[in-house]
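According to full-length UniProt numbering, the sequence shown is numbered sequentially starting from 1.
For glycine and all other residues, C-beta sits at the position ideal for the given N, C-alpha and C.
Computed from a prediction, not measured in an experiment: that's the story for all the values here.
Structure, as structure tokens:
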Amino acid sequence: MADTLADLAAQLRIDSIRCTTAAGSGHPSSSMSAADIMAVLFQKYLRFDFQQPKAPNNDRFVLSKGHACPVLYSAFKAAGAIDDAELLTLRKFGSRLEGHPNPHVLPLVDVATGSLGQGLAVGVGMALGARLDGLPFRTYVLMGDSETAEGSVWEAFDKASHYGLDNLCAIIDVNRLGQSRETELGWNLEAYAARVRAFGWNAVTLDGHDLGAIDRAFAEAQAKKGQPTCLICRTEKGHGSSLIANQDGWHGKPLPEDKAKDAIRELGGERNVRIQVKKPESLKATVEDKAAPLKLPTYEVGQKEATRKAYGDALLALGNARPEVVALDAEVSNSTYSNEFQKAHPKRYFEMFIAEQNMVSSAVGLGVLGKKVFVSTFAAFLSRAYDQVRMAAISNATVHLCGSHAGVSIGEDGPSQMALEDLAMMRAVGGSTVLYPSDANQTAKLLAQVVDRQGITYLRSTREKTPVLYPATEDFPIGGSKVVRQSDHDVATVVGAGITLHEALKAYELLKKDGIAVRVIDLYSVKPVDAKTLREAARETQGRLLVVEDHWAEGGLADAVLEAFTGEREQLPTVVRLAVTKMPGSGKPAELLDAAGIDAGHIVEAVTSWVEETARGADGRPSENAWGHTNA
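As structure tokens, this is what we get:
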């Protein structure tokens with residue numbers, strides 16, 4: 001067995017060199033340091049059915065140091081999951097073997113990696129999912145030493161210990177050299193071990209090129225009960241090639257063809273080792289809760305309720321109906337109202353405390369296992385986890401985010417708590433869905449659709465209680481909008497969502513008293529946007545659209561409206577935005593809406609000025625100085 005492992009490790013190094021040299025780019029040295037670890041893991045410990053990569057009891061492997069994917073792809077070749085011809089397509093256009101692992105094209109991997117510091121948190125989610133499902137599979141996460149400088153790594157170490165995840169094994173490949181210099185701790189394995197133990201883990205230090213030591217360490221990790229285990233492996237970057245081993249300046253550089261031939265000869269020459277990765281027992285999840293008909297909460301028209309409370313009520317209803325629904329929160333569950341779910345379904349609720357980055361990545365790990373994952377916190381603090389959201393989209397993951405306490409309308413807490421960039425942030429995520437409901441019934445109906453929607457979804461909720469506008473029987477298709485006020489004499493269209501829709505309706509009543517009719521659109525679906533309704537409104541209201549949003553002027557509701565007119569050949573409308581343009585402070589919600597210029601009074605003033613210009617014989621399109629307007 002030792003000879004087989006040594007041959008396998010050598011082949012993984014050789015193939016890492018071959019495919020990166022063929023590509024003319026890549027990270028052979030970072031792959032070579034991990035080859036012995038990968039050889040032992042794949043040959044002796046991993047339980048995985050390559051014909052059924054999504055089988056529920058497969059062990060999960062996350063290559064957190066995603067740039068070392070050549071060694072992973074080489075292991076796939078050794079296991080017979082890909083052939084040599086495909087291995088040599090590494091990094092080429094159209095290849096499944098991209099420069100970092102990507103499940104969009106390669107279903108053998110669960111998540112995209114490459115933005116360092118996130119893999120362990122994904123592993124936490126997977127390990128939580130295994131426990132929830134009553135399955136014995138294990139999760140392995142191979143990390144680089146450089147990425148341990150990321151705070152998100154230690155968030156994950158902390159949460160794994162908190163939940164006692166003895167089915168999780170982290171491996172740190174301590175090869176000492178980062179991209180541009182020696183890492184912070186170099187080869188100080190005891191420093192790593194002290195940090196890991198301080199977070200409640202079992203730590204094992206070892207020579208990462210001693211196959212017997214690696215074998216014993218994995219066995220110890222498998223036998224350890226009550227706490228996760230971290231293998232801290234002293235390795236050599238570029239191990240096996242005297243040219244690049246432990247040498248600066250070789251990070252992310254392939255060997256030239258002549259040097260590659262020398263290194264392959266030094267490693268004993270090409271071989272064709274094949275391994276049989278053991279398959280796991282064919283087990284399915286143990287589901288304690290039973291599915292039931294969905295009974296969404298309902299609210300009476302005219303009653304006042306906050307959309308954040310409706311989110312919590314609807315999440316509870318989804319949890320009652322769907323046993324695969326799970327919820328995570330960042331220690332604000334009594335504000336987001338996910339605590340209602342926690343009380344009813346404590347096993348399916350995971351408290352992530354004030355660690356939003358770990359929360360989002362752990363949600364990805366749970367989502368990979370087929371869970372319908374809902375993540376909630378204050379919208380402002382999701383910005384802290386934006387890279388994790390971005391990587392979730394690259395991972396082809398489905399995660400449902402809810403950001404509460406958005407905009408200046410939250411009141412006295414001040415700007416540090418006011419999400420004013422979240423719509424722009426979430427609209428920019430590839431394939432995302434962005435929703436901003438204005439009342440409780442709408443929130444519940446939208447959440448019932450979100451649960452089965454693929455990709456990253458974001459629902460923005462508000463702190464203040466607002467009147468229920470729609471009966472519980474109303475439908476709100478994603479990608480739609482609601483024309484809540486209209487006539488044949490509308491002189492302009494006012495577009496709002498969430499809190500500003502209520503201000504628009506107040507303005508409608510005030511304008512009506514002065515004999516001015518305006519159309520009011522509830523743009524609850526910010527992405528995808530209802531282009532058809534917006535274009536129709538522009539044609540029928542003299543090309544005047546006034547967009548009001550509790551958000552910075554950049555990237556939010558108005559920009560979504562403008563995109564509805566992309567490619568239009570007819571005359572483009574004038575789109576005027578009333579948005580937050582100055583840093584807000586503390587105050588009552590009404591005071592802050594007024595100070596930002598996005599309340600009913602400012603809407604009335606804007607429309608009245610428009611009408612007065614028309615009455616003076618102007619063409620109805622306000623001047624740039626008066627309006628700061630944007631032409632679509």
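Query	Result
Return the residue from the list Phe137, Gly269 and Phe50 that minimises the CA-CA distance to Ile14.	Gly269
Thinking Pro101 and Leu46 are a contact (beta carbons under 8 Å), I'd like their distance in whole angstroms, please.	Incorrect: roughly 16 Å between the Cβ atoms, too far for contact.
When burial is assigned at 16 or more other CB atoms within 10 Å of the CB, is Ser525 buried or exposed?	buried
So Ser432 and Ala393 are in contact, right, with Cβ under 8 Å, and what is the actual spacing, rounded?	7 Å
Less than 8 Å between the C-beta atoms of Val450 and Val399, yes or no?	no
Tell me which residues share the same chain as Ala363 and place their Cβ nearer than 7 Å to its Cβ, disregarding the 5 neighbours each side in the sequence.	Gly125, Leu328, Val373, Val375 and Val399
Verify whether the separation of the beta carbon atoms of Tyr192 and Ile171 is less than 8 Å.	no
Can you give the beta carbon distance from Glu549 to Gly556, rounded, assuming they're within the 8 Å contact cut?	5 Å
With 16 other CB atoms within 10 Å as the buried threshold, where does Ser161 fall?	buried
Checking 8 Å against the spacing of the C-beta atoms, do Arg131 and Leu189 come in under that value?	no
Going by alpha carbons, who is nearest to Ser409 out of Arg460, Gly117 and Tyr386?	Arg460
DSSP puts Asn202 in a beta bridge; with which residues?	Thr229
DSSP three-state call for Asp3: helix, strand or coil?	helix
Quick one: which unbroken alpha helix (DSSP H) runs of 4-plus residues sit fully inside the region 230 to 300? Chain order, please.	257 to 266
Compute the distance between the beta-carbons of Phe218 and Leu41, then report whether it is under 8 Å.	yes
In this structure, how does DSSP classify Trp187 when only helix, strand and coil are distinguished?	coil
With 16 as the cutoff for other CB atoms within 10 Å, does Leu8 come out buried or exposed?	buried
So within the region 513 to 593, which uninterrupted alpha helix (DSSP H) runs reach at least 4 residues, ignoring any that extend past its ends?	531 to 540 and 557 to 563
Beta-carbon within less than 8 Å of Lys347's beta-carbon, same chain only, minus the 5 sequence neighbours each way: which residues are those?	Leu132 and Glu288
Count the other C-beta atoms from every protein chain shown that fall within 10 angstroms of the C-beta of Asn396, then say buried if there are 16 or more, exposed otherwise.	buried
Examine the Cβ distances between the region 591 to 606 and the region 561 to 581 and report whether three or more of them are shorter than 8 Å.	yes
Could you compute how far the alpha carbon of Leu283 sits from the alpha carbon of Thr205?	33 Å
Beta carbon of Leu165, beta carbon of Ala127: below 8 Å?	yes
May I ask you to list the residues that DSSP assigns as paired with Cys169?	Tyr140 and Thr229
In whole angstroms, what is the alpha-carbon distance linking Ala34 and Arg60?	18 Å
From which residue to which residue does the beta strand (DSSP E) around Ser74 run?	Premise fails: Ser74 lies in the alpha helix (DSSP H), Cys69 to Ala78, not in any beta strand (DSSP E).
At the level of alpha carbons, what is the spacing between Asp158 and His345?	23 Å
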